[in-house]
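Undergrad:
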Amino acid sequence: MHWEHFNPVYSCDKVNHDLLCYSPWFGHRNFAYDYIMNIKPSCVVELGVHYGASFFAFLQAIEDGNLPIELHGIDVWANIVGDCDTASDYNVDIHEAFLETLEGYNKKSAVVLHRKIFDDALSDFADNSIDLLHIDGTHSYEAVLHDYETWLCKLKPDGVILFHDTSETSYDSPYVGSKSSTHAWQEIKVKNDYTLEFDHSYGLGILCLSSVVYEKLKFVELGRYQRTSNRLCMQGFDRLRQNHFKIKDDNTHINFLKEQIDIKKSEIRKYQETIESKDSYVKDLENQASRIKTDYEKTIFGKDEIVAQLQEENSRIKVNYEKTIFGKDEIIALLQEENGRIKTNYEKTIYGKDAFIAQLQEEASNIKTDCEKIIFGKDASIVQLQGEIENFERMVLRNTCKDEGLRNRVKDLENQLENVLKRKKKRFFS
Ligand SMILES: C[S@@+](CC[C@H](N)C(=O)[O-])C[C@H]1O[C@@H](n2cnc3c(N)ncnc32)[C@H](O)[C@@H]1O
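Here it is, written out as structure tokens:
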């Protein structure tokens, strides 16, 4: 039989390159791919899927060859089965990562997943139904033998079983010291006629239950897979070496950055201290400001009260003033009216008096004239009378007062004269 060697590109690597390329199963991917492409089994079952390094190698071939193959993956995807090799891996959600990688495949219809204990999945399969079984669960001696013995009946008579972690030299597992998968494989190998194995990538035991597949495989140059694996391993090693030095450089840079961070942190601490002291100063100022504000408000409110009081007083004064002003205006009007009246009366009186005075003056002047006339007349009469008196006196004297009656008569005349003079004087000066 012609065995074709392929050079596959694994879609899964685009999603999860590091985990799948550095997987312990990595070195067997090309053989698994070529096996599917060349043997074309109908039913492939894997016990132990994990991130899917082996699972996606099978699936890649099924997809690339568009082969009518059922691919079953059985795994609890949890740390509940006491598998020392993978226990700590389940701190992250490997099942989720596996499903995410599976999303990159078109041939998902070929896949059947059984998230359960291997023993519980036994009933999902009929006896003599599996073409290829890959046993890669717990790697203790007992677990491998248990899986082998319980699943053997599910294989077709010409079925094939792959066992991972069978290498004596490269095996480095927590089970070393006790019996491991390697010991289980050694036992299985000696009890069966048709076995092959790879030593690289922790070893892969191939148990053909009949000569059918074995006859095809025994002419395949298996060493070529080891060489390819070695080459890929060296490429991986180169990548790791480059990464190692890059990481070293990065670490140096990181340490430099850490030092810078420490310096910056100490600067930040100083800034923080400054900020804190400034904050406290600002707080003091704020308190001071709030105190000033309170005082100011009190003062302002106090002033406002005083202003209000003053305004009230002012308005009272204004009212009083207006009242007073209006009152005064009224009084002034009254006074002005009275004044007008007085003035009128005064003028009347003055004019009346002036007229009266003029009248009196005229009258006085008339009287004076009359008086003067009378006076002059009287004076003339008096002079005349004095002359007569003198004549009488001389007669008296000459006749020695011959007659008393005459003397009386003289007396009367004198009185009359005096009265006339008095009256005239009085009228003249009043
Ligand atoms: C070594 S890993 C599988 C590696 C995988 N084949 C690969 O190519 O990377 C083993 C896986 O088997 C699972 N496992 C171990 N014992 C199991 C059991 N009895 N039932 C179900 N899953 C089991 C673990 O949870 C783990 O995910």
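Residue numbers for the sequence shown follow the working numbering, beginning at 2 and rising by one. Backbone N, C-alpha and C fix where the C-beta goes; we use that ideal spot for every residue, glycine too. Computed from a prediction, not measured in an experiment: that's the story for all the values here.
(1) What do you reckon, are the CB atoms on residue 55 and residue 132 nearer than 7 Å?
(2) For residue 160, which three-state DSSP category applies?
(3) Starting from residue 183 and walking both ways along the alpha helix (DSSP H), at which residues does that stretch end?
(4) Under the criterion of a Cβ to heavy atom distance below 6 Å, does residue 147 qualify as lining ligand 1?
(5) For residue 223, which option in 387, 241, 239, 206 has the closest C-alpha, if you only look at C-alpha atoms?
(6) Terminal residues of the continuous beta strand (DSSP E) containing residue 199?
(7) Return yes when the Cβ of residue 168 is within less than 7 Å of the Cβ of residue 203, no when it is not.
(8) In this structure, how does DSSP classify residue 353 when only helix, strand and coil are distinguished?
(9) Go ahead and pull the three-state DSSP assignment for residue 17.
(10) Under the rule that 16 or more other beta-carbon atoms within 10 Å means buried, what is residue 21, buried or exposed?
(11) Does the stretch 64 to 74 come close enough to the stretch 25 to 39 to have 3 or more Cβ pairs within less than 8 Å?
(12) Would you list the residues sitting across from residue 206 in a DSSP beta bridge?
(13) Pick out the complete alpha helix (DSSP H) segments inside the stretch 105 to 142, 4 residues or longer, and give them in chain order.
(14) So, for residue 107: in the same chain, excluding its five sequence neighbours on each side, which residues have a beta-carbon less than 7 Å away from its beta-carbon?
(15) Over what stretch of residues does the alpha helix (DSSP H) that includes residue 101 continue unbroken?
(16) Could you give the C-beta distance for residue 116 and residue 96, rounded to a whole number, given that I count them as a contact under 8 Å?
(17) CA-CA distance, residue 406 and residue 412?
(18) Let me know the secondary structure DSSP gives residue 68 once reduced to three states.
(19) What are the partner residues of residue 74, as DSSP defines its beta bridges?
(20) Quick one: what does DSSP say residue 179 is sitting in, helix, strand or coil?
(21) Looking at the structure shown, is residue 53 part of a helix, part of a strand, or coil, going by DSSP?
(22) Please tell me whether, using a cut-off of 6 Å, the distance from the CB of residue 204 to the nearest non-hydrogen atom of ligand 1 is below it.
(23) In this structure, does DSSP put residue 1 in helix, strand or coil?
(24) Would the beta-carbon of residue 18 be found less than 6 Å away from any heavy atom of ligand 1?
(25) May I ask which residues mark the beginning and end of the alpha helix (DSSP H) holding residue 37?
(26) Which residues neighbour ligand 1 when neighbourhood means a C-beta less than 5 Å away from any of its non-hydrogen atoms? List them by chain order.
(27) Within 10 Å of its beta-carbon, does residue 322 have 16 or more other beta-carbons around it, so buried, or fewer, so exposed?
(28) Return the Cβ separation of residue 185 and residue 215 in integer angstroms, given the expectation that the two are a contact with Cβ distance under 8 Å.
TA: Put simply:
(1) no
(2) strand
(3) 182 to 192
(4) no
(5) 206
(6) 196 to 199
(7) yes
(8) helix
(9) helix
(10) buried
(11) yes
(12) 164, 198
(13) 119 to 122
(14) 64
(15) 95 to 103
(16) 7 Å
(17) 10 Å
(18) coil
(19) 47, 114
(20) strand
(21) coil
(22) no
(23) The chain is shown only over 2 to 431; residue 1 falls outside these bounds and no answer can be derived.
(24) no
(25) 30 to 40
(26) 24, 26, 49, 51, 54, 55, 76, 77, 82, 84, 87, 118, 119, 137, 138, 139
(27) exposed
(28) Not really, about 20 Å apart at Cβ, beyond 8 Å.
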